[in-house]
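A short worksheet on the structure shown next.
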Amino acid sequence: MFTQYAVHHAWFIPLLPAVAFVVIGFFLRRTPVLSAIVAICMSMISFTLALGIGYGVVAQHITVEQPFVERIPWVDIAGLSINMGVYLDPMAAMMLVVVTLVSLLVQIYSIGYMQGDDGFGRFFAYLSLFAAAMLGLIIAVNFVQLFVFWELVGLCSYLLIGYYFHKVSAREAAKKAFMTTRIGDFGLLIGILMLQILFGTVDFAQLTSTVPEYVKEYGTGMLTVVALLIFAGPLAKSGQFPLHVWLPDAMEGPTPVSALIHAATMVVAGVYLVARAFFLYSVLPDVMLTVAWIGGFTACFAATIALTQRDLKRILAYSTVSQLGYMMLALGVGSVTASMFHLMTHAFFKALLFLSAGAVIHGLHNKNDIFEMGGLRHKMPVTFVATAIGVLSISGIPPFSGFFSKDDILLAVSQVSTPLYVIAVVTAFMTAFYMSRMLIVVFFGPENPENSPHEAPVTMMIPLVVLSILSIIGGYIPYAYHFGEWVRFGVATHEGLNFNIALLSTLLSIVAMLLAWLVYGSGKVSPDLLSARFAWLYKLSYHKYYIDELYLWLNHTFVDGLGKVLYWVDINIVDGIVNGLASMMYRLGDELRHWQTGYLQQYGLVLFGAILIMVAYLVLSAPVFVTALWGGAY
Amino acid sequence: MIGLIHYLTVAAVLFVIGVYGILTKRNIVAILMCIELMLNAVNINLVAFSRFMQPDVLTGQAFVVFTITVAAAEVAVGLALVFRVYHDHDTVHIDKLNRMRW
Amino acid sequence: MDELVYNIAFYIFAAITIASAIGVVTKPNLVHSSLLLALCFIGISGLYVLLQADFLAAVQILVYSGAVAILIVLGIMLTQRSSMEDTNQNSGWRRGTALICGCFLVVVLIVIATTPWHYSSALVAQDTPSVIAQLLLTDYMVAFEVAAVLLLGAMIGAIALAKGGKEE
Numbered sequence: 080m081f082t083q084y085a086v087h088h089a090w091f092i093p094l095l096p097a098v099a100f101v102v103i104g105f106f107l108r109r110t111p112v113l114s115a116i117v118a119i120c121m122s123m124i125s126f127t128l129a130l131g132i133g134y135g136v137v138a139q140h141i142t143v144e145q146p147f148v149e150r151i152p153w154v155d156i157a158g159l160s161i162n163m164g165v166y167l168d169p170m171a172a173m174m175l176v177v178v179t180l181v182s183l184l185v186q187i188y189s190i191g192y193m194q195g196d197d198g199f200g201r202f203f204a205y206l207s208l209f210a211a212a213m214l215g216l217i218i219a220v221n222f223v224q225l226f227v228f229w230e231l232v233g234l235c236s237y238l239l240i241g242y243y244f245h246k247v248s249a250r251e252a253a254k255k256a257f258m259t260t261r262i263g264d265f266g267l268l269i270g271i272l273m274l275q276i277l278f279g280t281v282d283f284a285q286l287t288s289t290v291p292e293y294v295k296e297y298g299t300g301m302l303t304v305v306a307l308l309i310f311a312g313p314l315a316k317s318g319q320f321p322l323h324v325w326l327p328d329a330m331e332g333p334t335p336v337s338a339l340i341h342a343a344t345m346v347v348a349g350v351y352l353v354a355r356a357f358f359l360y361s362v363l364p365d366v367m368l369t370v371a372w373i374g375g376f377t378a379c380f381a382a383t384i385a386l387t388q389r390d391l392k393r394i395l396a397y398s399t400v401s402q403l404g405y406m407m408l409a410l411g412v413g414s415v416t417a418s419m420f421h422l423m424t425h426a427f428f429k430a431l432l433f434l435s436a437g438a439v440i441h442g443l444h445n446k447n448d449i450f451e452m453g454g455l456r457h458k459m460p461v462t463f464v465a466t467a468i469g470v471l472s473i474s475g476i477p478p479f480s481g482f483f484s485k486d487d488i489l490l491a492v493s494q495v496s497t498p499l500y501v502i503a504v505v506t507a508f509m510t511a512f513y514m515s516r517m518l519i520v521v522f523f524g525p526e527n528p529e530n531s532p533h534e535a536p537v538t539m540m541i542p543l544v545v546l547s548i549l550s551i552i553g554g555y556i557p558y559a560y561h562f563g564e565w566v567r568f569g570v571a572t573h574e575g576l577n578f579n580i581a582l583l584s585t586l587l588s589i590v591a592m593l594l595a596w597l598v599y600g601s602g603k604v605s606p607d608l609l610s611a612r613f614a615w616l617y618k619l620s621y622h623k624y625y626i627d628e629l630y631l632w633l634n635h636t637f638v639d640g641l642g643k644v645l646y647w648v649d650i651n652i653v654d655g656i657v658n659g660l661a662s663m664m665y666r667l668g669d670e671l672r673h674w675q676t677g678y679l680q681q682y683g684l685v686l687f688g689a690i691l692i693m694v695a696y697l698v699l700s701a702p703v704f705v706t707a708l709w710g711g712a713y
Numbered sequence: 021m022i023g024l025i026h027y028l029t030v031a032a033v034l035f036v037i038g039v040y041g042i043l044t045k046r047n048i049v050a051i052l053m054c055i056e057l058m059l060n061a062v063n064i065n066l067v068a069f070s071r072f073m074q075p076d077v078l079t080g081q082a083f084v085v086f087t088i089t090v091a092a093a094e095v096a097v098g099l100a101l102v103f104r105v106y107h108d109h110d111t112v113h114i115d116k117l118n119r120m121r122w
Numbered sequence: 118m119d120e121l122v123y124n125i126a127f128y129i130f131a132a133i134t135i136a137s138a139i140g141v142v143t144k145p146n147l148v149h150s151s152l153l154l155a156l157c158f159i160g161i162s163g164l165y166v167l168l169q170a171d172f173l174a175a176v177q178i179l180v181y182s183g184a185v186a187i188l189i190v191l192g193i194m195l196t197q198r199s200s201m202e203d204t205n206q207n208s209g210w211r212r213g214t215a216l217i218c219g220c221f222l223v224v225v226l227i228v229i230a231t232t233p234w235h236y237s238s239a240l241v242a243q244d245t246p247s248v249i250a251q252l253l254l255t256d257y258m259v260a261f262e263v264a265a266v267l268l269l270g271a272m273i274g275a276i277a278l279a280k281g282g283k284e285e
């Protein structure tokens with residue numbers, strides 16, 4: 080009965096955090112305790128409702144083919160009608176549970192992490208707003224509602240990255256994030272508009288049935304353009320190459336923000352959009368290929384950069400970009416199941432990794448460079464265990480959660496494209512390597528005498544524990560309980576694990592971890608020697624392939640260049656016309672005043688001449704005179 | 021046969037000569053003289069029309085009486101003005117009386 | 118025979134009028150111009166006679182060449198200083214003005230020539246003074262009185278102007 084209530088009142092789930100935002104934002108900013116209480120209460124109610132929906136979806140047999148849809152009219156004018164509403168299917172239910180859970184855990188964590196900060200109330204207000212926006216995006220019933228909440232999460236990302244607004248680097252990072260995602264949003268908007276023009280509707284349920292018939296009749300040409308435009312949104316929001324540049328800089332925000340937004344929830348909005356719009360993508364093989372290659376390339380590309388980074392959160396950021404690439408790759412080869420599965424497990428272990436990183440940073444009083452840390456496992460044992468669980472999970476070691484989801488992806492890729500499979504496997508190897516590198520350098524080795532670390536407080540440890548448990552069991556349980564039958568597109572592909580692929584990937588991961596131990600743990604192979612041998616590779620990787628510099632140069636040359644050209648046009652042509660008119664009038668007046676000679680006879684002459692002209696005209700045109708002068712019939 | 025047209029022609033020529041004089045002469049009194057020429061041309065016109073169009077009702081000639089009256093009055097006042105100007109500026113040369121300029 | 122005399126007389130008087138008018142506007146000497154003006158008035162008076170406006174001819178000689186011309190000579194004498202030569206100069210725009218005036222003349226002549234005039238065949242009134250007097254004192258009474266007032270005003274104005282208004 081509760082699940083029935085939850086399913087029919089699913090719109091409460093985004094509404095409650097929104098109410099929390101309003102209440103905290105307007106009234107409770109000065110009282111940190113109350114703002115935390117309000118936010119966490121609302122999050123808990125939302126989480127409970129989400130759990131209810133999760134059960135309800137299973138109990139009421141709400142499947143992908145028969146979703147639960149509820150709409151209310153929002154814009155209803157002649158020729159255009161857009162609704163807002165609730166769209167529930169197993170995928171949405173899963174996302175609701177994951178997002179509410181991670182949001183709740185991050186808010187509990189923030190009580191400890193942000194303690195003593197001046198903007199405590201502001202932080203919780205923004206976190207609540209973000210939760211409301213993300214949850215609204217998940218249950219969106221059409222593209223327009225999704226776009227509205229898409230923009231809203233982008234805004235929250237800007238606000239939260241720039242939370243430490245007195246730091247220039249934070250302000251710049253916030254601007255960079257917003258502007259880069261704006262480029263993607265522009266393409267997305269145009270794609271949505273084209274959909275509206277082509278089909279007259281942007282509703283997911285209606286389009287699911289209309290698109291295949293459209294393709295049969297008109298072919299795929301126009302729709303390819305639309306799909307690519309829509310993909311621009313996820314390209315920017317989910318940090319695919321080449322619009323990935325904002326994600327690493329987004330680490331300027333506080334660590335709970337990084338955990339919530341830039342690891343577990345907001346960045347996967349792009350992946351969710353593609354999955355939601357899969358009715359469009361699945362009939363366009365060229366677009367799928369593009370998506371797959373972009374995903375695969377991003378995964379590999381980001382992994383190569385993560386190999387040499389020194390900042391703890393940067394490593395995790397590039398790791399996020401890489402894993403998002405994996406999710407896009409899975410979507411591109413056609414497996415919504417694998418992508419969503421990896422999304423779920425990634426949310427757990429990446430949030431876990433970020434929160435433990437936050438514990439480390441907090442414990443060392445805001446130190447970020449991993450080579451200044453060392454041997455922390457003695458003083459911070461809980462954090463160490465949590466991080467280790469996260470590393471094992473992301474490296475795909477069985478029976479941790481990452482193993483199941485990553486192998487699902489590898490299986491799906493291997494069935495479609497061998498080069499992409501090779502890229503994916505190589506990326507998995509690199510992932511294991513750099514994550515182990517991070518673990519070893521931070522927690523093993525000699526202690527840095529400058530540091531005096533202390534273990535995290537209780538409020539920060541509870542989420543770590545919960546997420547660790549989820550990272551361990553969060554893979555096996557969905558696998559055992561037929562995840563692939565609920566969250567899918569089209570026919571369910573539940574083949575089980577391919578023993579060969581699983582074995583290969585596990586072996587490679589273990590080899591990578593041993594290699595990392597060899598280089599960084601035992602010191603048998605010196606990392607400095609390696610970086611000197613492959614100097615230019617190291618340089619490229621460390622400087623992120625100079626992409627930021629390239630973009631800056633492009634901006635300077637083209638945007639500023641265009642600005643200079645337009646400035647010249649404005650000054651010389653536009654102002655030139657105006658000033659030219661004015662000066663022409665001045666010169667005209669200056670000339671004409673010489674006609675006022677004061678000589679009456681000249682005035683009289685001009686007057687008489689004018690009279691002459693008028694009379695002559697009248698004479699020569701009057702009928703009497705015309706017949707007399709020129710003759711003939713008039 | 022001398023008809024209306026001849027008299028009108030004479031009047032027209034006289035009038036044009038008067039206009040030419042007004043626009044050309046440099047002395048104010050000369051300009052006044054040319055104004056008189058123009059008025060006389062008009063008078064000839066009036067009398068000619070009266071003679072050829074309505075010979076029994078001499079309306080044109082009555083009109084001419086009035087024109088002559090007005091012309092005489094105008095000469096008197098005009099010359100008074102010329103004396104004034106001569107008194108103030110010590111010249112009747114029109115080029116020197118050009119204060120209405122820029 | 119009458120017709121011939123009439124035509125010759127017309128041409129003579131027309132020639133006198135026009136020639137002296139041209140002289141008025143071309144002669145550089147101002148006194149010459151004024152005397153030629155008087156001659157022009159006399160020529161016009163002759164034309165009036167030919168038009169059987171005898172009263173007007175007399176009035177013309179009396180008023181115009183007897184008063185107006187003398188007044189003008191008076192004005193000349195009172196406003197010149199030294200030599201009378203070259204006091205009536207012509208401006209530098211003679212040619213342009215002549216051109217425009219010529220064009221105007223042409224236009225007017227065209228109008229005159231092409232208008233269909235309706236000649237009346239009534240008899241000319243013989244006793245012009247009485248007819249004019251009747252018109253003046255009955256039909257155009259108001260204009261008559263106004264003209265009288267105008268003359269009075271002109272007289273007073275001329276006296277006031279010539280005297281110098283505010284010097285009392």
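Protein chains in written order, with the working numbering: chain A, 80 to 713; chain B, 21 to 122; chain C, 118 to 285. Here a beta-carbon is modelled for each residue, glycine too, at the ideal position from N, C-alpha and C.
Item: Which residues does DSSP list as the beta-bridge partners of D448(A)?; Value: D390(A)
Item: Just the chain F side, please: which residues come within less than 8 Å of Y646(A) by C-beta, in chain order?; Value: As a matter of chain content, chain F is missing from the structure shown, whose protein chains are A, B and C.
Item: Do the CB positions of L184(A) and A129(A) come within less than 8 Å of each other?; Value: no
Item: Going along the stretch 224-254 of chain C in order, which residues come within less than 8 Å of chain B, judged by CB to CB distance?; Value: V225, L226, I229, A230, W234, H235, Y236, S237, A239, L240, V241, A242, T245, V248, I249, L252 and L253
Item: Can you round the beta-carbon distance between A354(A) and S288(A) to whole angstroms, since I take them to be within the 8 Å contact cut?; Value: Actually they are not in contact, since the Cβ atoms of A354(A) and S288(A) sit about 18 Å apart, beyond 8 Å.
Item: Counting contacts by CB-CB distance shorter than 8 Å, is R104(B) in contact with chain A?; Value: no
Item: In the DSSP assignment, the beta strand (DSSP E) including G164(A) goes from what residue to what residue?; Value: L159 to L167
Item: Determine the direct distance from the alpha carbon of N579(A) to that of I556(A), and round the result to whole angstroms.; Value: 22 Å
Item: Look up N579(A) in the DSSP assignment and give the residues it is bridged to.; Value: Per DSSP, none; premise fails for N579(A).
Item: To which residues does DSSP link D155(A) through a beta bridge?; Value: S160(A)
Item: Is V176(C) helix, strand or coil when you go by DSSP?; Value: helix
Item: Bridge partners for M150(A) per DSSP, in chain order?; Value: Here residue 150(A) is Arg; the residue named in the question, Met, does not match the sequence. DSSP, once it has assigned bridges, lists G164(A) as partnering R150(A).
Item: Return the CA-CA distance between L188(C) and L253(C), expressed in angstroms with no decimal places.; Value: 27 Å
Item: For a cutoff of 8 Å on Cβ pairs, would you count G688(A) as touching chain C?; Value: yes
Item: Since I believe A581(A) is in contact with D486(A) (beta carbons under 8 Å), could you give me their beta-carbon distance rounded to a whole number of angstroms?; Value: 5 Å
Item: Mind pulling the chain C residues with CB within less than 8 Å of L671(A)?; Value: Per Cβ cutoff of 8 Å: no residues; L671(A) is ~19 Å from chain C at best.
Item: What residue range does the alpha helix (DSSP H) around I161(C) cover?; Value: L147 to L167
Item: Using the DSSP secondary-structure output, state which residues sit across from D282(A) in a beta bridge.; Value: N221(A)
Item: Is the beta carbon of S151(C) closer than 8 Å to that of M73(B)?; Value: no
Item: What are the start and end residues of each continuous alpha helix (DSSP H) run of 4 or more residues lying completely inside the stretch 239-312 of chain A, in chain order?; Value: 247-278 and 283-297
Item: Run through the DSSP bridge pairs and tell me what K429(A) is partnered with.; Value: According to DSSP, which records beta bridges pairwise, K429(A) is partnered with nothing at all.
Item: Within 8 Å, do at least three Cβ pairs link the stretch 695-703 of chain A to the stretch 213-232 of chain C?; Value: yes
Item: Taking the straight line between their C-alpha atoms, what separation do you get for M80(A) and A138(A)?; Value: 11 Å
Item: My output table needs one value for K45(B): the three-state DSSP class, helix, strand or coil.; Value: strand
Item: Cβ closer than 9 Å: which chain C residues qualify as neighbours of L684(A)?; Value: W210, G213, T214 and I217
Item: Using a C-beta cutoff of 8 Å, does Y678(A) count as contacting chain B?; Value: yes
Item: Counting contacts by CB-CB distance shorter than 8 Å, is D115(B) in contact with chain A?; Value: yes
Item: Report the residues of the stretch 36-70 of chain B with a CB closer than 7 Å to any CB of chain C, ordered along the chain.; Value: V36, I37, V39, Y40, G41, L43, T44, K45, R46, N47, V49, A50, L52, M53, C54, E56, L57, N60, I64, V67 and A68
Item: Around the Cβ of Q251(C), are there at least 16 other Cβ atoms within 10 angstroms (buried) or fewer (exposed)?; Value: exposed
Item: List, in order along the chain, the chain C residues whose C-beta lies closer than 8 Å to that of H107(B)?; Value: G281
Item: Would you please state the rounded distance, in angstroms, between the beta carbons of P318(A) and V346(A)? I believe it to be under 8 Å.; Value: Before going on, a small fix: residue 318(A) reads as Gly here, not Pro. Sure, about 6 Å apart at Cβ, within 8 Å.
Item: Please say whether V223(A) and V281(A) have beta carbons closer to each other than 8 Å?; Value: yes
Item: Output the boundary residues of the alpha helix (DSSP H) element that contains K643(A).; Value: G640 to W647
Item: For H113(B), which beta-bridge partners are listed by DSSP?; Value: N47(B)
Item: Excluding five sequence neighbours on each side, which residues of the same chain lie with their C-beta closer than 7 Å to the C-beta of A715(A)?; Value: The requested residue 715(A) is not part of the displayed model; chain A covers only 80 to 713.
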